[in-house]
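Trainee: Residue numbers (my numbering): 15 to 117. C-beta: ideal position from N, C-alpha, C; glycine also.
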């Protein structure tokens, strides 16, 4: 699954291979049987939902598509809190969107 993201904010300014901590809200993008996507901020672990994509939105409005190894993504799904969280990873992207690669 690939999701195109557009960020209206400026380049976050991270160097290519720097590991950074990004703070914001984790949004679950949950699909229904008709293929529609419902964005939601889970109030607890979201691993009970079918497999789905996550994005992180900062207070400044920068949107990061969360990607990485399965272990890192499972940790995000099992996080008890999805608001105002800090996630460590490497930032990749360009003017069209940002990816936070988590371990």
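In whole angstroms, what is the alpha-carbon distance linking residue 32 and residue 45?
Mentor: C-alpha separation (whole angstroms): 33 Å.
Trainee: What does residue 87 pair with, by DSSP beta-bridge criteria?
Mentor: Residue 87 pairs with nothing; no bridge assigned.
Trainee: I need the boundaries of the beta strand (DSSP E) containing residue 45, first residue and last residue.
Mentor: Element bounds for residue 45: 33 to 45.
Trainee: Counting Cβ pairs, one atom from each stretch, are 3 or more of them under 8 Å apart for the stretch 105 to 117 and the stretch 41 to 61?
Mentor: No: fewer than three Cβ pairs fall under 8 Å.
Trainee: Have a look at residue 93 and residue 59 and give me their C-alpha separation to the nearest angstrom.
Mentor: So the two alpha carbons sit approximately 5 Å from each other.
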